[in-house]
Amino acid sequence: MSAAPSIRVLEVNDAPIRPERDLVVYWMIAARRARWNFALEAAVEHATRLGKPLVVLEALRVDYRWASDRHHRFVLDGMADNARRLARLGVLYHPYVEPSVGAGKGLLATLGRHAAVVVTDEFPSFFISHMLESAGRQLDCRLQAIDGNGLLPLRAATQLFPTAYAFRRFLQRTLPAHLGTTPIENPLSGAKLPRLETLPGGISERWPAADERLLSGDPRALATLPIDHRVVPVPTRGGPDAAAATLTDFLDQRLDRYTEDRNEPEKDGSSRLSSYLHFGHLSVHEIFDRVAAREAWSPERIAKTTHGQREGFWGMSRPAEAFLDQCITWREVGYNFCHLRRDHDQFDSLPDWARATLGQHAADPRQHTYSLDEFDAATTHDPLWNAAQGQLRREGRIHNYLRMLWGKKILEWTRTPDEALEVMIELNNRHAVDGRNPNSYSGIFWVLGRYDRPWGPERPIFGKIRYMTSANTARKYPVKGYIERYSPAAGGEA
């Protein structure tokens, strides 16, 4: 039994629900928020039906790949928000941060021995799928993973799509049937659950909750953890509170000019929501609800015939439709790919035509080649590329249009396409706050042909892969101010 639609529920193991036990656990791992959350809603329903207290466990390990001050700080900001919100709602929240590699081992299994059922989040990328499979084997009670990733449930599509257009056509036919089923805005509002003051069995003593210094942002507390301290926190605060404020700011200040400003490097008209979506501090269901309310929209305005068009499907304003195409079509086509192909981060997952043309030109001479360290330090001959890399290092993101150029130049300036992919993944996942996300992999692999088509004329190195240059970008958009702001030589890394 679950509050989430059955298509969104993954039974990770076949262990029974154990009503004789003392509590229900929500293991918060991808939807790191207390609002608009199918998984939390399902956990609340289990606890209500069984008459058990609810425990929310949000854990942060230190040995995930690319663990750094940057990624940790963003998650910790969210933990601080969740601690305040759940305390007000009377739910026992346990934010656990590993102090050393392996220190958290056994926490979930030990807590699970007191649990009637454990509910968690489904996420189709990074290490989470493997972690869920392992947890399912360790737990002797039911483990349910709930898919709250997109407006379209992951299992609503059983095929891959070669282009965003093909996915958009499918989405426009399929999505309307799922729009009426959304998570509750405040799943704990009005819930009458027994209260639990402390975790059972000495669990809090062995695995103590993160202290106030760590949650409050004290850099000295962060410095004690065995993570990469060279990748420093971004100026942007993480967490559901900051996510909500950023969404409001975008809708009030930038959405009306989204169509005109989104691709302008010096205007930066993007939503800036990607990092919050990645860490689950914000739900795409809330975004859609807010946009729909702003547009005074109702489902009757959806186009009766669908042809995969970018505009006109929703019956909303042009900027709202353009934004939803990015937030839904382009975001969720990546989730579809990652869900159906575990090798989504491997070169062999590229389409046949892309691998063929890149292979034919793999040995072409390169005028410039750079090492990973040179790329990372933004010391190429190209000021615009260096500025894009400077923004990535400084802010944990690259302007939307320049992210495409950034990848194309890495393909041109590495010895082989395989090496280009390795460099893009490493730099993106090391520095981008939204790295390691399906949408992030879509952007990287688009550079190499995923979701694209063959282009002519055939060129050295690129073959039939779409070609981009810094010179053409500078002719198309003003970039001087962007270079001045983000170039390491101009102090953009300060």
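Just add 22 to wherever you are in the sequence shown, counting from 1, and you've got this note's numbering. Note that CB positions come from ideal geometry on N, CA and C, so glycine has one too. Bear in mind that the values here come from a model prediction, so they are computed numbers and not experimental data.
Excluding its 5 nearest sequence neighbours in each direction, ASP370 has C-beta neighbours in its own chain below 8 Å: ARG377, listed in chain order.
Counting along the chain, PRO117 sits inside the beta strand (DSSP E) bounded by residues 114-119. Judged by beta-carbon spacing, TYR298 lies beyond the 8 Å limit of ALA344, meaning their Cβ atoms are not closer than that value. For PRO287 against LEU173, the beta-carbon gap comes to about 29 Å, at or over 8 Å, which does not count as contact. Residue pairing by DSSP places LEU394 in no beta bridge whatsoever.
Our two residues, THR246 and ASP240, have alpha carbons roughly 11 Å apart in a direct line.
In this structure GLY334 is exposed. Its beta-carbon is surrounded by fewer than 16 other beta-carbon atoms within 10 angstroms. Within the model, the alpha-carbon separation for ASP233 versus GLY223 is close to 20 Å. Using a 10 angstroms sphere on the CB of HIS421, the tally of other CB atoms reaches 16 or more, which defines it as buried.
Per DSSP, the continuous beta strand (DSSP E) segment holding THR142 begins and ends at 137-143. For LYS430, the closest alpha carbon among the candidates ILE466, THR196 and VAL313 is that of ILE466. Distance from the Cα of HIS366 is smallest, within the candidate group LEU380, ASP99 and LEU443, for LEU443. GLU155 sits exposed, since fewer than 16 C-beta atoms from the chains shown fall within 10 Å of its C-beta. Collapsing the DSSP output to three states places ARG54 in coil. In this structure, DSSP gives TYR499 a state outside helix and strand, which the three-state scheme calls coil.
Under the 8 Å Cβ criterion, the region 248-268 counts as touching the region 440-460, having at least three qualifying pairs.
GLN411 sits buried, since 16 or more C-beta atoms from the chains shown fall within 10 Å of its C-beta. Nearest to ILE39 by C-alpha distance, out of THR185, LEU72, VAL31 and ARG57, is LEU72. LEU79 and TYR463 have their C-alpha atoms some 28 Å from each other. Runs of the alpha helix (DSSP H) spanning 4 or more residues and lying entirely within the region 397-431 occur at 405-417, in chain order.
DSSP places VAL78 inside the beta strand (DSSP E), whose first and last residues are 76-82.
Within the model, the alpha-carbon separation for TYR86 versus SER393 is close to 24 Å. The beta carbon of TRP58 is closer than 7 Å to those of PRO205, GLU207, SER305, HIS307 and GLU308 in its chain, skipping five residues each way along the sequence. Beta bridge pairing from DSSP links GLY485 with ARG481. Per the coordinates, the alpha-carbon of ALA265 lies some 13 Å from the alpha-carbon of ASN104.
Spanning the alpha carbons of ILE324 and GLY337 requires a straight line of approximately 6 Å.
Counting every other CB atom within 10 Å of its CB across the protein chains shown gives PRO175 a total of 16 or more, marking it as buried. For the pair ASP386 and LYS486, the Cα-to-Cα distance works out to about 14 Å.
Nearest to VAL119 by alpha-carbon distance, out of THR270, PRO41 and SER226, is SER226.
With contacts defined by Cβ atoms closer than 8 Å, PRO321 and LEU201 form a contacting pair. DSSP places VAL97 in the uninterrupted alpha helix (DSSP H) bounded by 91-110.
Under a 10 Å Cβ-count criterion, ALA61 is classified as buried, with 16 or more other Cβ atoms of the shown protein chains found around its own Cβ. Scanning its chain for C-beta atoms nearer than 6 Å, with the 5 sequence neighbours on each side dropped, one finds around ASN35 the residues GLY158 and LEU165, in chain order.
In the assembly as shown, GLN413 is a buried residue. Its beta-carbon has 16 or more other beta-carbons within 10 Å. The beta carbon of GLY478 sits closer than 8 Å to the beta carbons of LYS486 from its chain, once the five residues preceding and following it are set aside; these are given in chain order.
Per DSSP, the beta-bridge partners of VAL47 are VAL77 and VAL140.
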